[in-house]
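For reference, the structure is listed below as structure tokens.
Here you go:
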């Protein structure tokens, strides 16, 4: 397993896997950079011979100001969509040729219930995660014949560091039906 993250937090995960008897290494990368993806996929192939699974789990929200359609700055929009959607696309683009060459693989990307419902003050995040769901469907159609299974999961609220700056009143909407 290759644990990749923009921070060095992947090292602890890799160390835990190795301590449990598995094989893992950590790589620091920026999911918004194609060159980082190419380097990471090449490292995975060098270490393990194949890339059997890509799990696209990187995600951010815009917490430094309003994340509404009108209130977002272009810079914050680009950052959230860059990590949450472009990063998924770049990952797929980097790994699919290897999977085709080896006869198949699996890709799982994390979207969000926000992709299906929208959430207050999470415009960029909701839009990006909606894009992840659509991109996943497209990749699944394009690569089914290559024995590449492409899925997405769309969880509700999960207690992760990404929630640290989200207002509790906004989270309650993730559990309410649309009116």
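In our numbering, the protein residues as written are 476 to 654. Even glycine gets a Cβ: it sits at the ideal position worked out from N, Cα and C.
Going by beta carbons, residue 607 and residue 584 fall inside the 8 Å limit.
Inter-residue distance for residue 598 and residue 542 is about 6 Å (C-alpha atoms, whole angstroms).
By the CB criterion at 8 Å, residue 507 and residue 562 fall inside the cutoff. Residue environment: residue 551 is assigned as buried (16 or more neighbouring CB atoms within 10 Å of its CB, all protein chains considered). Classified as exposed, residue 498 has fewer than 16 neighbouring CB atoms from the shown chains inside 10 Å of its CB. Each residue's CA atom was taken as its position, placing residue 527 and residue 574 some 7 Å apart. For residue 551, no pairing in a beta bridge is given by DSSP. For residue 616 and residue 625, the gap between their C-alpha atoms comes out near 9 Å. For residue 593 and residue 587, the gap between their C-alpha atoms comes out near 9 Å.
Here residue 577 has 525 as same chain residues with Cβ atoms under 6 Å from its own Cβ, once five neighbours each way along the sequence are excluded. Residue 601 holds the alpha-carbon nearest to the alpha-carbon of residue 560 among 510, 511 and 601.
Proximity to residue 537 across 553, 522 and 629 peaks at 553, based on C-alpha coordinates.
Beta-bridge pairing by DSSP links residue 531 to 584. Residue state for residue 481 is assigned as coil, using DSSP reduced to three classes. A Cβ-Cβ distance of about 10 Å is found for the pair residue 483 and residue 502, leaving them out of contact under the 8 Å criterion.
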